[in-house]
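The opening residue of the sequence shown carries number 181 in our numbering; numbering runs sequentially from there.
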Amino acid sequence: MRIIAEHAAGKVLRRDALQISAEAKQAKLLDPETVNATVGMFYHEDGCFHGFDTVREVIKNLNDDAYFSYSPSDGGSQ
């Protein structure tokens, strides 16, 4: 069974989602016009939370093992 696409084989994850999110928050502090669209979500200019329909559908269809599993939680502080 193939888990990863051929074009992605051998690539190394350099940053996790929480680290990228932390970087986006810092960018927002430096420039309020920055839109944080990390991890499939963002706040619109009107101040309301928005999400991507595709991400919402995938999350809605996850089984319990996938939905409740823990992701790396260091946010890149290593």
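Every residue gets a Cβ at the ideal spot worked out from N, C-alpha and C, and that includes glycine.
Because the structure is a prediction, the values reported are computed rather than measured.
Grab the span of the beta strand (DSSP E) containing residue i for me, first residue to last.
i, result
"residue 229", "229-231"
Run through DSSP, which three-state label would residue i get?
i, result
"residue 193", "coil"
"residue 214", "coil"
"residue 226", "coil"
"residue 242", "coil"
"residue 185", "coil"
"residue 201", "helix"
Distance check for residue j and residue i, CA to CA, integer angstroms please.
i, j, result
"residue 191", "residue 218", "21 angstroms"
"residue 315", "residue 234", "With the chain running from 181 to 258 in the structure shown, residue 315 is simply not present."
"residue 247", "residue 187", "26 angstroms"
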